[in-house]
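Asks: Structure provided below as structure tokens; questions to follow.
In the working numbering, the protein residues as written are 143 to 213.
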């Protein structure tokens with residue numbers, strides 16, 4: 143069985159690690175050839191708001207642009 147090691151995980155929502163924005167969430171996009179995921183948008187007050195942006199047309203367009211620019 144062939145392993146899918148070259149596949150990237152999908153974009154995801156995570157709690158912000160920056161203590162200045164404690165309690166907020168951000169959308170992160172894994173990019174090929176980069177160890178850290180790219181931060182797609184600013185901080186959101188709730189996980190639901192971040193997920194709503196992630197699945198919106200604006201979010202999908204931003205993610206597509208990030209992946210296109212990354213090559």
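Heads up, the beta-carbon is just placed ideally off N, CA and C, and yes, glycines get one too.
What you are looking at is a predicted structure, and each value in this text was computed from that prediction instead of being measured.
For residue 170, name the three-state secondary structure that DSSP assigns.
Replies: Along the chain shown, one-based indexing puts residue 170 at 28. The answer is strand: DSSP assigns residue 170 an E or B state.
Asks: Using the Cα positions of residue 194 and residue 156, report the straight-line distance between them to the nearest angstrom.
Replies: In the chain shown, residue 194 corresponds to position 52, counting from 1. In the chain shown, residue 156 corresponds to position 14, counting from 1. Rounded to whole angstroms, residue 194 to residue 156 spans 13 Å at the Cα level.
Asks: Using the three-state DSSP reduction, which class does residue 156 fall into: helix, strand or coil?
Replies: Working through the chain shown from its first residue, we reach residue 156 at position 14. Residue 156: strand per DSSP, three-state reduction.
Asks: Could you please give the first and the last residue of the uninterrupted alpha helix (DSSP H) stretch that includes residue 196?
Replies: Within the chain shown, numbered from 1, the residue matching residue 196 stands at position 54. Looking at the DSSP string, the run of the alpha helix (DSSP H) that includes residue 196 is 189–196.
Asks: In whole angstroms, give me the CA-to-CA distance for residue 178 and residue 201.
Replies: Indexing the chain shown from 1 puts residue 178 at position 36. Indexing the chain shown from 1 puts residue 201 at position 59. Roughly 19 Å separates the two Cα atoms.
Asks: Shortest alpha-carbon distance to residue 159 belongs to which of 169, 212 and 153?
Replies: For the purposes of this step, residue 159 is taken as the residue at position 17 of the chain shown. Residue 159 has its Cα closest to that of 169, out of 169, 212 and 153.
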